[in-house]
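Novice: Pasting in a structure now, in structure tokens, and then I'll have a few things to ask.
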Amino acid sequence: MATVSPSDLTLIGIEKIGHQILLMGRIRHMLNEFSSFDNENLQVLLFRVSRTIAYIVVTIEKMLKMYERQQEKNSDTYPGIQNDFNDLATQVIRGVLKLMTAVIHVALPPFSSLPDMVVLRQFLLERVMLTNRAAQLAIGSYNINTFLEIRNQVKFACFYLYIQAKGVFDRLEEVNQTCEDSILLTPCGFEMVQIRKPDSDEFVSYPILLY
Numbered sequence: 147m148a149t150v151s152p153s154d155l156t157l158i159g160i161e162k163i164g165h166q167i168l169l170m171g172r173i174r175h176m177l178n179e180f181s182s183f184d185n186e187n188l189q190v191l192l193f194r195v196s197r198t199i200a201y202i203v204v205t206i207e208k209m210l211k212m213y214e215r216q217q218e219k220n221s222d223t224y225p226g227i228q229n230d231f232n233d234l235a236t237q238v239i240r241g242v243l244k245l246m247t248a249v250i251h252v253a254l255p256p257f258s259s260l261p262d263m264v265v266l267r268q269f270l271l272e273r274v275m276l277t278n279r280a281a282q283l284a285i286g287s288y289n290i291n292t293f294l295e296i297r298n299q300v301k302f303a304c305f306y307l308y309i310q311a312k313g314v315f316d317r318l319e320e321v322n323q324t325c326e327d328s329i330l331l332t333p334c335g336f337e338m339v340q341i342r343k344p345d346s347d348e349f350v351s352y353p354i355l356l357y
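Heads up: the sequence shown runs through residues 147 to 357, numbered per this note's numbering.
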């Protein structure tokens with residue numbers, strides 16, 4: 147689309163200058179809208195979300211083990227436990243901020259224009275809002291229960307993400323096995339593209355981490 151010119155439009159029967167100006171304007175608008183996603187596709191975006199969720203869950207699990215250790219033993223036997231707990235809590239909060247940054251792209255063009263993304267986008271945004279609320283409570287109290295609430299929220303989000311994306315990734319894997327064509331998730335939507343056999347190994351689906 148970046149190479150389309152008024153002469154190209156003339157060749158396909160669009161000869162009126164007003165129509166050409168209107169179409170060229172729409173093309174420029176679309177190119178600007180999609181420019182930030184040149185190296186981005188939906189699979190990478192969903193993988194980034196799931197990877198951040200996994201990071202948050204693992205960190206909170208470390209906090210939980212540390213908290214249980216503190217309850218079982220005298221804190222004097224581990225004088226630095228509170229500092230370590232605080233460090234992990236900071237990592238969780240940073241992880242939540244990263245998750246919010248990753249999910250917000252789902253609500254922006256061009257992904258926001260995908261019909262298949264409407265339900266997933268709404269769910270993820272609602273879940274991130276609940277997670278952010280829990281994170282704000284965690285910052286104020288540093289109570290282990292507030293961090294467990296964060297863990298529960300993101301684990302549920304990851305499970306839902308896995309269910310929604312699994313069908314698409316299964317289809318991608320199925321067509322990759324035949325090496326004939328593939329369904330790619332791009333910013334423009336679902337696209338059927340031909341894959342040459344030597345190139346087929348390059349088209350793989352990203353795993354969704356489920357805990």
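The beta carbon of each residue, even a glycine, is placed where N, CA and C say it ideally should be.
Consult DSSP for residue 150 and reduce its assignment to one of helix, strand or coil.
Specialist: As a first step, residue 150 is located in the sequence shown; it is residue number 4 there, counting from the start. Three-state result, residue 150: coil.
Novice: Classify residue 209 as buried or exposed, calling it buried when 16 or more other Cβ atoms lie within 10 Å of its own Cβ.
Specialist: Translated into positions along the sequence shown, residue 209 becomes position 63. So residue 209 ends up on the buried side.
Novice: Would DSSP call residue 226 helix, strand or coil?
Specialist: In the sequence shown, counting from the first residue as 1, residue 226 sits at position 80. The answer is coil: DSSP assigns residue 226 none of H, G, I, E or B.
Novice: I need the DSSP call for residue 214, collapsed to helix, strand or coil.
Specialist: Locating residue 214 in the sequence shown gives position 68, where the first residue counts as 1. In the structure shown, residue 214 sits in a helix (DSSP, three-state: H, G or I).
Novice: Do you know offhand how far residue 163's Cα is from residue 268's?
Specialist: Here the question's residue 163 lines up with position 17 in the sequence shown. Here the question's residue 268 lines up with position 122 in the sequence shown. Those two C-alpha atoms are separated by around 41 Å.
Novice: Spatial neighbours of residue 290 within its chain, please: CB distance less than 8 Å, with the 5 preceding and 5 following residues excluded, ordered by chain position.
Specialist: Residue numbering aside, residue 290 sits at position 144 when the sequence shown is read from its first letter. Answer for residue 290: 209, 210, 213, listed in chain order.
Novice: Nearest to residue 299 by alpha carbon, out of 174, 172, 200?
Specialist: As a working mapping, residue 299 is identified with position 153 in the sequence shown. Nearest C-alpha to residue 299: 200.
Novice: Taking Cβ positions, are residue 202 and residue 245 nearer each other than 9 Å?
Specialist: Position 56 of the sequence shown, counted from the first residue, corresponds to residue 202. Position 99 of the sequence shown, counted from the first residue, corresponds to residue 245. Cβ distance < 9 Å, so residue 202 and residue 245 count as in contact.
Novice: Skipping 5 residues on each side, what residues in its chain have a beta carbon closer than 7 Å to that of residue 274?
Specialist: Counted from its first residue, the sequence shown places residue 274 at position 128. The residues are 245, 246, 249.
Novice: By DSSP, does residue 286 sit in helix, in strand, or in coil?
Specialist: The sequence position of residue 286 within the sequence shown is 140, counting from 1. DSSP places residue 286 in helix when its eight states are reduced to three.
Novice: So what's residue 159 in DSSP terms, helix, strand or just coil?
Specialist: For the purposes of this step, residue 159 is taken as residue 13 along the sequence shown, with counting starting at 1. In the structure shown, residue 159 sits in coil (DSSP, three-state: anything other than H, G, I, E or B).
Novice: Assuming contact is defined by CB atoms lying nearer than 9 Å, are residue 173 and residue 150 in contact in what I supplied?
Specialist: For this step, residue 173 is matched to residue 27 along the sequence shown. For this step, residue 150 is matched to residue 4 along the sequence shown. Contact: yes.
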